[in-house]
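A.B. asks: Numbered according to the UniProt record's numbering, the sequence shown terminates at residue 358, and the numbering increases by one at each position without gaps.
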Amino acid sequence: MPVRLRFRTNHRRGFPKIGHQGCRDVLLVEGPRNGAVGIVLGSARCLEVQRRVSRVLHLHQHEDHMHRSGPRDNDLECVDDRGQSQPLHKLTLPECVIPMVKVSPSIITRLEGESAALVCQTSGSPTPQLQWNLSTLFSYYKVNTSGLTSELRLSNLSSSDSGRSVSCTAENTVGENSSSAILDIQFAPEITKLMDAVADHHWCIPFSVAGNPQPKLQWLFNGNDLPEGDYINTQIHATTENEYHGCLQLDNPTHVNNGHYTLVARNQYGQDQKTIFSHFMKEPWENGSSTDPLYYEDTPLDQEDSAAVYVVVGIAAVAFTGFVLMLIILKFGRNSKFGIKGFALFQNNPSEALGLVI
Numbered sequence: 001m002p003v004r005l006r007f008r009t010n011h012r013r014g015f016p017k018i019g020h021q022g023c024r025d026v027l028l029v030e031g032p033r034n035g036a037v038g039i040v041l042g043s044a045r046c047l048e049v050q051r052r053v054s055r056v057l058h059l060h061q062h063e064d065h066m067h068r069s070g071p072r073d074n075d076l077e078c079v080d081d082r083g084q085s086q087p088l089h090k091l092t093l094p095e096c097v098i099p100m101v102k103v104s105p106s107i108i109t110r111l112e113g114e115s116a117a118l119v120c121q122t123s124g125s126p127t128p129q130l131q132w133n134l135s136t137l138f139s140y141y142k143v144n145t146s147g148l149t150s151e152l153r154l155s156n157l158s159s160s161d162s163g164r165s166v167s168c169t170a171e172n173t174v175g176e177n178s179s180s181a182i183l184d185i186q187f188a189p190e191i192t193k194l195m196d197a198v199a200d201h202h203w204c205i206p207f208s209v210a211g212n213p214q215p216k217l218q219w220l221f222n223g224n225d226l227p228e229g230d231y232i233n234t235q236i237h238a239t240t241e242n243e244y245h246g247c248l249q250l251d252n253p254t255h256v257n258n259g260h261y262t263l264v265a266r267n268q269y270g271q272d273q274k275t276i277f278s279h280f281m282k283e284p285w286e287n288g289s290s291t292d293p294l295y296y297e298d299t300p301l302d303q304e305d306s307a308a309v310y311v312v313v314g315i316a317a318v319a320f321t322g323f324v325l326m327l328i329i330l331k332f333g334r335n336s337k338f339g340i341k342g343f344a345l346f347q348n349n350p351s352e353a354l355g356l357v358i
């Protein structure tokens, strides 16, 4: 519908005109004082038209200030084809309503693998178009749009979508608006990373744990509960979409801290655990510069080698025994009274021999 503007003044016959068709082609012409103060708008949106009208009012205010006899801004009014008028500063263009949009519910809480539904409703003029932003969604979905309402059905909800925002946008020639909902998908813990200890300002065993609600963490050392305190404690450094990144911090660990470390993460939906071996310091009795072992294991000999050893040992024993006997014979053979000479003497003097025997 064309909209005309006129001034309630007798100073000038000219008046600005606004030609309107679908909020696209608008023309402001014929200023009230010595030439045009209007502007031409090509393919402008309704809100832009309203801003330009406000600009015209500002120009007229300025002109009124410079020329006291000119029309005042409150004397400007809009007259439509039906003869009805309203102040120009209250002008509302037809078919020029920015969309309003709402997504309900605003938060969806479900378990991993379940289903859910979101509804997006809009209003505005001209009739807005609805569109869901689903480019980053991992869960399965289906969209059903009818008129000013669009329904989004989600199935087999993925834990990767937990904490994600799903938005719905309504747009027409006037502008656009958006609304969104948060997916709160709950799932059992999963230890996504557990690494060997690294040396920094403190020793740190890095880990990453995912879970919703936030899992409770517990450490085991060689299968037993690991008490935490000032020197050994768990630190969470960052949180990203229900995944927690941190480390088990150890202050100046020694050889007594070498062993197997097990991380246990649990919440109301389940638990997960992983184990690593960490070595911080060598034992005090270890000699790091020597490559020799602390002890040697006996190596069994072959049968042939064993027989040869026995033969050698036997020969050596016989030779040693013979050598000893030879020494004895030589020593006692020289000084013996029972030698050849002594035997002849006894034959000549039997009584002496008898007395010697006695």
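Even glycine gets a Cβ: it sits at the ideal position worked out from N, Cα and C.
Measuring CA to CA, which of 145, 101 and 132 is closest to residue 124?
C.D. replies: With distances taken between Cα atoms, residue 124 lies closest to 101.
A.B. asks: Measuring only the C-alpha atoms, how far is residue 252 from residue 104?
C.D. replies: Each residue's alpha carbon lies about 54 Å from the other.
A.B. asks: Using the DSSP secondary-structure output, state which residues sit across from residue 204 in a beta bridge.
C.D. replies: For residue 204, which the question treats as bridged, DSSP gives the partners 198 and 249.
A.B. asks: Nearest to residue 184 by CA position, among 256, 218, 152 and 160, is which residue?
C.D. replies: Comparing Cα-Cα distances from residue 184 to each of 256, 218, 152 and 160, the minimum goes to 160.
A.B. asks: Measuring CA to CA, which of 153, 259, 197 and 247 is closest to residue 224?
C.D. replies: Nearest option by C-alpha distance: 259.
A.B. asks: Can you tell me whether residue 225 is helix, strand or coil according to DSSP?
C.D. replies: The answer is strand: DSSP assigns residue 225 an E or B state.
A.B. asks: Just verifying my parser: in three-state terms, what is the DSSP assignment at residue 100?
C.D. replies: If DSSP states are grouped into helix, strand and coil, residue 100 belongs with the strands.
A.B. asks: Is DSSP giving residue 321 helix, strand or coil here?
C.D. replies: Correct three-state label for residue 321: helix.
A.B. asks: Buried or exposed for residue 213, please, with buried defined as at least 16 other CB atoms from any protein chain shown within 10 angstroms of its CB.
C.D. replies: Exposed is the call here.
A.B. asks: Would you report the Cα separation of residue 136 and residue 280, rounded to the nearest angstrom?
C.D. replies: Each residue's Cα considered, the two are about 43 Å apart.
A.B. asks: Quick one: residues in its chain with C-beta nearer than 8 Å to the C-beta of residue 117, no 5 flanking neighbours on either side, listed in chain order?
C.D. replies: Closer than 8 Å at the Cβ level, and outside the excluded window around residue 117, lie 151, 152, 153 and 154.
A.B. asks: Got a sec? Which residues, its chain only, sit under 7 Å from residue 331 by beta carbon, not counting five neighbours each side?
C.D. replies: Answer for residue 331: no residue qualifies.
A.B. asks: Can you give the Cα-Cα distance for residue 219 and residue 282, rounded to whole angstroms?
C.D. replies: In a straight line, the C-alpha of residue 219 is about 23 Å away from that of residue 282.
A.B. asks: By how many angstroms is the C-alpha of residue 186 removed from the C-alpha of residue 168?
C.D. replies: Residue 168 and residue 186: Cα-Cα distance of roughly 23 Å.
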